[in-house]
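Under this note's numbering, the residue at position 198 of the sequence shown is numbered 202, and the numbers go up by one with no gaps.
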Amino acid sequence: MKLYNTMTMQKEEFVPIEPGKVRMYACGPTVYNFIHVGNARPLIMFDALRRYLEYRGYDVTFVQNFTDVDDKIINRANEEGIPSDEVAKKYIDEYFTDARALGVREATVHPKATENIQPIIDLITTLIDKGYAYEVEGDVYYRTLKFKDYGKLSHQPIEDLQSGARIDVNDIKENPLDFALWKAAKPGEPYWDSPWGHGRPGWHIECSAMSNRYLGKTIDIHCGGSDLAFPHHENEIAQSEAANGCKFVNYWLHNGFINIDNKKMSKSLGNFFTVREAADAYGYDCIRMFMLMSHYRSPLNYSGEILMQARAALERLRTAKSNLDFFAANGRDGALSDDEAAFAEGLGRYREKFIAVMDDDFNTADAISVIFEMVREINTAVSPAADPTRALAEACRSIFLELCGVLGIPFGDDAPDGESAEIEAKIAARQAARKAKNWAEADRIRDELKAQGILLEDTPQGVKWKKI
Ligand SMILES: [Zn+2]
5 MKLYNTMTMQ
15 KEEFVPIEPG
25 KVRMYACGPT
35 VYNFIHVGNA
45 RPLIMFDALR
55 RYLEYRGYDV
65 TFVQNFTDVD
75 DKIINRANEE
85 GIPSDEVAKK
95 YIDEYFTDAR
105 ALGVREATVH
115 PKATENIQPI
125 IDLITTLIDK
135 GYAYEVEGDV
145 YYRTLKFKDY
155 GKLSHQPIED
165 LQSGARIDVN
175 DIKENPLDFA
185 LWKAAKPGEP
195 YWDSPWGHGR
205 PGWHIECSAM
215 SNRYLGKTID
225 IHCGGSDLAF
235 PHHENEIAQS
245 EAANGCKFVN
255 YWLHNGFINI
265 DNKKMSKSLG
275 NFFTVREAAD
285 AYGYDCIRMF
295 MLMSHYRSPL
305 NYSGEILMQA
315 RAALERLRTA
325 KSNLDFFAAN
335 GRDGALSDDE
345 AAFAEGLGRY
355 REKFIAVMDD
365 DFNTADAISV
375 IFEMVREINT
385 AVSPAADPTR
395 ALAEACRSIF
405 LELCGVLGIP
415 FGDDAPDGES
425 AEIEAKIAAR
435 QAARKAKNWA
445 EADRIRDELK
455 AQGILLEDTP
465 QGVKWKKI
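Following this line, the structure appears as structure tokens:
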């Protein structure tokens, strides 16, 4: 399997530190608000990467943190007149509501900054002891220029960074590039005791501390949005490598930006959407499909038109699944015919193609195209005209669900509205009306379903339905 490594700017063969195991870290949200559409992309894509690694037989330990102490959280707490830990708790709960609905599985561990204060203090102490950090007026800063490789991930020479750094005359730092590891508490802020007085951690240090605590000094994969590469990930490298004296991460993966109607998403342009708002408009399942249909490194344009294309693609897959479900229940009795056996075996080449494109830097867009190619063939072989056996429908359904499952394509089986059951009940009522030769009632039910976008098809094997 090859993955594009931001550090080396090329695709590299993936070789885990320990055979069969993957240690993977993703920077999670700062919990002061609902997650936005830009946050959803790394969540969905790296969830799919994790699923794929598991599919390929790796035992994956996936750590994703919550930044639950931060200026933004404190500001929100002051605005709402509630303690900052209540703000964090509220938005962690809201995070899980969105993530679950997006089909994003829980990480192996979701550590919180506030539950890792001691490991953070220990790490800062090591950096001070090694001369990489210094205390001033209760703050602790990282001495950036001392870390010789600073800028290696974002490929920026230190001279460029120095000339671009904002110089504040009131700065108490030795150098404008130095960044805070620990911040002295201001009145009214949450704080913890430390060797430098009351204070709280800076943002970057928590990821180095938690990655070390849960995954070890060197990890396989660190991922996140490309906006995190500088300065956040650069600072994580500086902290971890200076403290531990070894390489921090073997493969750095960054997903591309999301534009909204071809414009950068920003609060000032008024095109900033939370996932909750997007889901109200298009549905969570459609958002997941939309993200999977692009390669994770490509820029992605969020527009109503493209989301509707994702909706149509998802409906085609759902129709394929309901067709397979139908024939798995209503197909012909008996074992596979010779032709069917050859067909079922031939589907294995789609699995090989799927793995080949996924192994090439995790190309979910091409993987979905492979699924569609397969579906076209299946739709012909498992159709009223082909009169397939139940065994063939089951064989096709098995590989179809296997490949869709790797990407976490949502089929809405657990939809809370019980829509399918309601449709099935109406179909049964229509069948009963037909049996009683009550054609008017049968037609009425058919038209009622049609008005809901449900098309019925009478086949020799029974009544099938699909969404139009
Ligand atoms: Zn981080």
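From the three backbone atoms N, C-alpha and C, an ideal C-beta is built for every residue, glycine too. The structure displayed is predicted, hence computed values, not measured ones.
Q | Proximal residues to Ser307 (C-beta, below 7 Å), its chain only, five neighbours per side dropped | A | Counting only Cβ-Cβ distances below 7 Å, and skipping sequence neighbours, we find Asp265.
Query - Proximal residues to Leu459 (C-beta, below 6 Å), its chain only, five neighbours per side dropped - result: Taking Leu459 as the centre and dropping the five residues before and after it, the same chain places the C-beta of Lys470, Ile472 closer than 6 Å to its C-beta, in chain order.
So what does Met28 bridge to, in DSSP terms?
Listed as beta-bridge partners of Met28 by DSSP are Phe66, Ile225.
Taking the CB atoms as reference points, tell me whether Lys430 and Leu453 lie closer together than 8 Å. In terms of Cβ geometry, Lys430 and Leu453 form a close pair [threshold 8 Å].
Point to revise | For Ala314, three-class secondary structure by DSSP | key: When DSSP states are grouped into helix, strand and coil, Ala314 belongs to the helix group.
**Q.** the region 375–384 / the region 316–324 touching (three or more Cβ pairs under 8 Å)
**A.** With a cut-off of 8 Å, the region 316–324 and the region 375–384 count as touching, because enough Cβ pairs lie within range.
Item to complete: Using three-state DSSP, classify Glu139 as helix, strand or coil.
Response: Glu139: strand per DSSP, three-state reduction.
Check: According to DSSP, is Thr10 helix, strand or coil?
Finding: DSSP places Thr10 in coil when its eight states are reduced to three.
Check your understanding: Looking only at DSSP bridge pairs, what is Asn179 linked to?
Key -> According to DSSP, which records beta bridges pairwise, Asn179 is partnered with nothing at all.
- Query: Applying the criterion that 16 or more other CB atoms from any shown protein chain within 10 Å of the CB defines a buried residue, is Pro303 buried or exposed?
  - Reply: Classification for Pro303: exposed.
(request) With Lys208 as the anchor, note down where its beta strand (DSSP E) starts and where it stops. (result) A small correction: the amino acid at residue 208 is His; Lys does not occupy that position in the sequence shown. For His208, there is no enclosing beta strand (DSSP E); the enclosing alpha helix (DSSP H) has its first and last residue at 207–219.
| said: Any heavy atom of ligand 1 inside 7 Å of the beta-carbon of Glu240? | reply: Taken from the Cβ of Glu240, at least one heavy atom of ligand 1 lies inside 7 Å.
(Q) At a cut-off of 7 Å, would you count Cys211 as near ligand 1, judging by its Cβ distance to the nearest heavy atom? (A) At least one heavy atom of ligand 1 lies less than 7 Å from the C-beta of Cys211.
Compare the C-beta of Ala111 against all C-beta atoms of chain D and say whether one is closer than 8 Å.
The structure shown has no chain D; it contains just one protein chain.
Task: In chain order, each beta strand (DSSP E) run of at least 3 residues that lies wholly inside the region 351–425 - done: The qualifying runs do not exist here; there are none.
Exercise for the section: Measure the alpha-carbon distance for Asp418 versus Phe276 and round it to whole angstroms. Expected result: Low confidence applies here, because Asp418 scores a pLDDT of 48, under 50, leaving its location unreliable; read the following figure in that light. The alpha-carbon of Asp418 is positioned some 30 Å away from that of Phe276.
In the DSSP output, which residue or residues are listed as bridge partners for Lys187?
Beta-bridge pairing links Lys187 to Arg204.
Report the three-state DSSP secondary structure of Gly457 (helix, strand or coil). In the three-state reduction of the DSSP assignment, Gly457 falls in the coil class, being assigned neither a helical nor a strand state.
Sorry if obvious, but does the Cβ on His236 come closer than 7 Å to a heavy atom of ligand 1? Inclusion of His236 in the 7 Å shell around ligand 1 follows from its C-beta lying nearer than that to a non-hydrogen atom of the ligand.
- Task: Using DSSP bridges, identify the partner residues of Ile449.
- Result: For Ile449, which the question treats as bridged, DSSP gives no partner whatsoever.
**Study point:** Closer than 7 Å: Cys31 CB and nearest ligand 1 heavy atom
**Key:** Distance from the C-beta of Cys31 to the nearest heavy atom of ligand 1 is below 7 Å.
Through-space distance from Thr278 to Glu423, alpha-carbon basis: When only Cα atoms are considered, Glu423 and Thr278 end up about 27 Å apart.
Check your understanding: When DSSP builds the beta bridges, which residues end up paired with Trp256?
Key -> In the DSSP output, where bridge partners are listed per residue, Trp256 has His226.
Assuming Glu210 contacts Thr71 under a Cβ cut-off of 8 Å, what Cβ separation, rounded to an integer in Å, is found between them? 7 Å between Cβ atoms; contact.
(message) Taking the straight line between their C-alpha atoms, what separation do you get for Glu428 and Thr384?
(response) A straight line joining the alpha-carbon of Glu428 with that of Thr384 spans about 24 Å.
Exercise. Write down the C-beta distance between Lys6 and Tyr62 rounded to the nearest angstrom, noting that I regard them as a contact closer than 8 Å.
Key: Contact annotation, Lys6 with Tyr62: C-beta distance approximately 15 Å; criterion of less than 8 Å not satisfied.
Practice prompt. Could you give the DSSP three-state label for Lys468: helix, strand or coil?
Written response: Of the three classes helix, strand and coil, the one that applies to Lys468 here is strand, per DSSP.
* To do: Leaving out five residues on either side along the sequence, give the residues of the same chain with a beta carbon under 6 Å from the beta carbon of Leu351.
  => For Leu351, the CB contacts under 6 Å within the same chain, skipping 5 residues up- and downstream, are Ile403 in chain order.
One or two residues paired with Ile264 in a DSSP bridge: The partner list for Ile264 (beta bridge, DSSP) reads Lys267, Tyr306.
Item to check | Exposed unless 16 or more other CB atoms sit within 10 angstroms - verdict on Val35 | outcome: Residue environment: Val35 is assigned as buried (16 or more neighbouring CB atoms within 10 Å of its CB, all protein chains considered).
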